[in-house]
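Undergrad: Following the working numbering, the residues of the sequence shown are numbered contiguously, the last one being 508.
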Amino acid sequence: MAKTASKQINKAKIKPLRFDTDWQYDPAPESAAAAQIEPEYGLFINGKWQKPDSGQYFDTINPANEKTLSRIAVANEKDVDRAVRAARNAHEKVWKKMAPAERGKYIFRIARIIQEKARELAIIETLDGGKPIRESRDFDVPTAAQHFFYYAGWADKLNYAFPQKKLNPLGVAGQIIPWNFPLLMAAWKIAPALATGNTVVLKPAETTSLTALKLASILQEADLPPGVVNIITGAGATGAALVEHPDVNKIAFTGSTSVGKIIQRSIAGTNKRSTLELGGKAANIVFEDAPLDQAVEGVVNGIFFNQGHVCCAGSRLYLQESIAKEFIRKLKDRISTLIVGDPMDKNTDIGAINSKEQLNTILRYIQIGKKEGAAIHQPACSLPKKGFWCPPTLFTDVAQSNRITQEEIFGPVLAILTFRTDDEVIEKANNTPYGLSAGVWTDKGSRIFNMTRRLRAGVVWANTFNKFDAAAPFGGYKESGFGREGGLHGLSPYLEINS
Ligand code: ADP
Numbered sequence: 010m011a012k013t014a015s016k017q018i019n020k021a022k023i024k025p026l027r028f029d030t031d032w033q034y035d036p037a038p039e040s041a042a043a044a045q046i047e048p049e050y051g052l053f054i055n056g057k058w059q060k061p062d063s064g065q066y067f068d069t070i071n072p073a074n075e076k077t078l079s080r081i082a083v084a085n086e087k088d089v090d091r092a093v094r095a096a097r098n099a100h101e102k103v104w105k106k107m108a109p110a111e112r113g114k115y116i117f118r119i120a121r122i123i124q125e126k127a128r129e130l131a132i133i134e135t136l137d138g139g140k141p142i143r144e145s146r147d148f149d150v151p152t153a154a155q156h157f158f159y160y161a162g163w164a165d166k167l168n169y170a171f172p173q174k175k176l177n178p179l180g181v182a183g184q185i186i187p188w189n190f191p192l193l194m195a196a197w198k199i200a201p202a203l204a205t206g207n208t209v210v211l212k213p214a215e216t217t218s219l220t221a222l223k224l225a226s227i228l229q230e231a232d233l234p235p236g237v238v239n240i241i242t243g244a245g246a247t248g249a250a251l252v253e254h255p256d257v258n259k260i261a262f263t264g265s266t267s268v269g270k271i272i273q274r275s276i277a278g279t280n281k282r283s284t285l286e287l288g289g290k291a292a293n294i295v296f297e298d299a300p301l302d303q304a305v306e307g308v309v310n311g312i313f314f315n316q317g318h319v320c321c322a323g324s325r326l327y328l329q330e331s332i333a334k335e336f337i338r339k340l341k342d343r344i345s346t347l348i349v350g351d352p353m354d355k356n357t358d359i360g361a362i363n364s365k366e367q368l369n370t371i372l373r374y375i376q377i378g379k380k381e382g383a384a385i386h387q388p389a390c391s392l393p394k395k396g397f398w399c400p401p402t403l404f405t406d407v408a409q410s411n412r413i414t415q416e417e418i419f420g421p422v423l424a425i426l427t428f429r430t431d432d433e434v435i436e437k438a439n440n441t442p443y444g445l446s447a448g449v450w451t452d453k454g455s456r457i458f459n460m461t462r463r464l465r466a467g468v469v470w471a472n473t474f475n476k477f478d479a480a481a482p483f484g485g486y487k488e489s490g491f492g493r494e495g496g497l498h499g500l501s502p503y504l505e506i507n508s
């Protein structure tokens, strides 16, 4: 009898647990109350909050529930002009004359205040943009602070960065940023500009302006001289007015390739300098000798991280034929465990899509993928009723010429293709209009060096993906843009360098 009982227990023990149906994490929500969001924001010009000339405001909403978070001013041409004048005045009278070590102290102070307000900034980023709080808290905000720390260190050492050269700041930098990493993109742009003695007019994206506006109050708290950084809000027309303003010396832009082309046309024939960081269609390449479970994690991180709202997202997966079947099985298992939902919950892996427009773009591409004959796989998951959501999506049986292989989708959608040889995968990986990033997964160091040399991408990760550091330059080839941000390379686009 005892024997039968133990048999029964053993049987009960071996029933496999299904992560998605048998158990779940308890909710672990971050509190929105820990962040202060004003009901209305003006424009931050010359160190003060100012009303927009147009008198117009627009709502910024939380994409996870479509509720209005705040009202934001629309800057028109006159406002842009006021901001550029303030930046010019601050440049001539204060910032370029200031001892570099003093400039560095202000930048350090900004970094420290970002650290002090890290929790609040992370909450605002998540409420306004829809990305999981875990990501805002562990990546966006600390990396933004890191950029200010890093460039603060360079402010009084530029002569070591460019020995035997005469260095001058360019003057006023017009900076336009997108909605995928709002605070981090502001830091990428502002920190090197200030360290090199330039002043700034920054325009955040219209759907995610709140952390840039919070940064404005941090600049006030840091006592940054008025006009050194001006933050103006609005949509494309505001950005265009900034690009066209005759007294701007440099345009730094991160966003879509189509707007990048408009900007290039608009500044052609002027002596404005520019750096453009545009779209991407990164190839993540997995060889048969790669550690497969690790690679699955890397692939998931590469495309589903931040809902695929990443220009360098690994949106094309190339699998060596011998491991393709096994890898796809592992990948399907893994994505069935991803938690899609409330971005404020610390367990959430995939948050809300940033806007209705972006969701529509993603859904349109999913239809295109189906029509092109690719096989779709989406794990069963219940999505919230309100807000903008897209489950992690895999496409197999994809052809190199398909639009889902060639065009940037900017969502959690992965196109999976196969290859046999190194030469074949190089050819396929390089065959898109973009060249921002790529990933290689293999056990062999020699193969890593061979691939990284031949892949036409600004950043190539090996046995990892989506790793960033303030000291590492970032930027693209081909239609992914030009110029580098980050590291020592990030200083020169803001300097006049003469021998
Ligand atoms: P995305 O497709 O990622 O939204 P966009 O290129 O449309 O990227 O937007 C990136 C940034 O460029 C945003 O701040 C947006 O307001 C701004 N922008 C859009 N159109 C223009 C334009 N014609 N000139 C300058 N900036 C623009």
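The C-beta atom is built at its ideal place from N, Cα and C for all residues, glycine as well.
Decide if residue 494 is buried, meaning its Cβ has at least 16 other Cβ atoms within 10 Å, or exposed.
TA: Buried, because 16 or more other Cβ atoms sit within 10 Å of the Cβ of residue 494.
Undergrad: Once you ignore the five residues that flank residue 501 on each side, which residues in its own chain have a CB closer than 7 Å to its CB?
TA: Excluding residues within five positions, none has a Cβ falling inside 7 Å.
Undergrad: Let me know if residue 441 comes out buried or exposed under the rule of 16 or more other beta-carbons within 10 Å of its beta-carbon.
TA: Classification for residue 441: buried.
Undergrad: With a threshold of 7 Å, establish whether the CB of residue 188 neighbours any heavy atom of the ligand ADP.
TA: Checking every heavy atom of the ligand ADP against the Cβ of residue 188, one is found closer than 7 Å.
Undergrad: Output the boundary residues of the alpha helix (DSSP H) element that contains residue 414.
TA: Its alpha helix (DSSP H) spans residues 412-415.
Undergrad: Quick check on the DSSP output: the beta strand (DSSP E) that includes residue 471 runs from which residue to which?
TA: 468-471 is the span of the beta strand (DSSP E), which, as asked, contains residue 471.
Undergrad: Residue 302 to residue 33, Cα distance in whole Å?
TA: Answer to the nearest angstrom: the Cα atoms are 22 Å apart.
Undergrad: Who are the Cβ neighbours of residue 452 in its own chain at under 7 Å, not counting the five residues just before and after it?
TA: Only 298 and 299 meet the Cβ criterion.
Undergrad: Around the C-beta of residue 161, are 16 or more other C-beta atoms found within 10 angstroms, so that it is buried, or is it exposed?
TA: So residue 161 ends up on the buried side.
Undergrad: Would a C-beta distance cut-off of 8 Å place residue 429 and residue 330 closer than the cut-off?
TA: Yes, these two residues count as a Cβ contact at 8 Å.
Undergrad: Report yes if the C-beta of residue 61 is less than 7 Å from at least one heavy atom of the ligand ADP; otherwise report no.
TA: Checking every heavy atom of the ligand ADP against the Cβ of residue 61, none is found closer than 7 Å.
Undergrad: Alpha carbon to alpha carbon, how far is residue 35 from residue 490? Give it in angstroms, no decimals.
TA: Their backbone Cα atoms lie some 44 Å apart in a straight line.
Undergrad: Give me the Cα-Cα distance between residue 128 and residue 149, rounded to the nearest whole angstrom.
TA: Using only the alpha carbons, I get a separation of about 11 Å.
Undergrad: Pair every Cβ in the stretch 343-363 with every Cβ in the stretch 306-320, then say whether three or more of these pairs are closer than 8 Å.
TA: Contact holds: three or more Cβ-Cβ distances are below 8 Å.
Undergrad: Under the rule that 16 or more other beta-carbon atoms within 10 Å means buried, what is residue 95, buried or exposed?
TA: Burial call: buried.
Undergrad: What are the complete alpha helix (DSSP H) segments, minimum 4 residues, inside the stretch 185-228?
TA: The qualifying runs are 191-204.
Undergrad: Tell me which same chain residues have a C-beta within less than 8 Å of the C-beta of residue 89, skipping the five on either side of it?
TA: Same-chain partners within the cutoff: 210, 241, 247, 250, 251 and 254.
Undergrad: May I ask you to check if the CB of residue 212 is nearer than 7 Å to at least one heavy atom of the ligand ADP?
TA: Residue 212: yes, Cβ under 7 Å from the ligand ADP.
Undergrad: Only counting the same chain, and skipping five residues up and downstream in sequence, which positions put a Cβ closer than 7 Å to that of residue 62?
TA: Cβ neighbours of residue 62 beyond the five flanking positions: 85, 87 and 88.
Undergrad: Below 7 Å CB to CB, which residues in the same chain sit around residue 473 once its five sequence neighbours on both sides are set aside?
TA: Closer than 7 Å at Cβ, skipping near neighbours: 307.
Undergrad: For residue 506, is the classification buried or exposed, using 16 other Cβ atoms within 10 angstroms of its Cβ as the cut-off for buried?
TA: With fewer than 16 other Cβ atoms within 10 Å, it is exposed.
Undergrad: Taking only three categories from DSSP, how would you classify residue 4?
TA: The requested residue 4 is not part of the displayed model; the chain covers only 10 to 508.
Undergrad: Got a sec, what are the start and stop residues for the beta strand (DSSP E) residue 279 sits in?
TA: Counting along the chain, residue 279 falls outside any beta strand (DSSP E), and DSSP gives it neither H nor E.
Undergrad: State the DSSP-derived secondary structure class of residue 486, mapped to helix, strand or coil.
TA: Three-state DSSP puts residue 486 in a strand.
Undergrad: Since I believe residue 269 is in contact with residue 293 (beta carbons under 8 Å), could you give me their beta-carbon distance rounded to a whole number of angstroms?
TA: With a Cβ gap of about 24 Å, residue 293 and residue 269 do not count as contacting.
Undergrad: Per the DSSP calculation, residue 292 is bridged to which residue(s)?
TA: According to DSSP, which records beta bridges pairwise, residue 292 is partnered with 325 and 447.
Undergrad: If you reduce the DSSP assignment to three classes, tell me which class residue 47 lands in.
TA: Coil at residue 47, not helix or strand.
Undergrad: Give the DSSP-derived three-state secondary structure of residue 99 in the structure shown.
TA: Three-state result, residue 99: helix.
Undergrad: How far does the beta strand (DSSP E) with residue 384 in it reach, from first residue to last?
TA: From DSSP, the beta strand (DSSP E) with residue 384 extends over 384-386.
Undergrad: Three-state secondary structure (DSSP) at residue 113?
TA: Residue 113 falls in the helix class under three-state DSSP.
Undergrad: If you drop the 5 nearest sequence neighbours on each side, which residues of the same chain put their C-beta closer than 6 Å to that of residue 200?
TA: If we look at residue 200 and ignore the five residues flanking it on each side, its Cβ neighbours are 156, 157 and 160.
Undergrad: Three or more C-beta pairs under 8 Å: does that hold for the stretch 263-283 against the stretch 106-115?
TA: These segments do not touch.
Undergrad: Just to confirm, are residue 545 and residue 116 a CB contact at a threshold of 8 Å?
TA: Since the first residue of the chain shown is 10 and the last is 508, residue 545 is not available in this structure.
Undergrad: Excluding the five sequence neighbours on either side, which residues of its own chain have a C-beta within less than 6 Å of the C-beta of residue 198, listed in chain order?
TA: For residue 198, where only same-chain residues beyond five positions count, the Cβ hits under 6 Å are 184 and 261.
Undergrad: From residue 10 to residue 131, what distance separates their C-alpha atoms?
TA: Any reading at residue 10 needs caution, since the residue's pLDDT is 41, under 50, leaving its predicted position unreliable; the model's value is listed next. Distance between the alpha carbons of residue 10 and residue 131: 60 Å.
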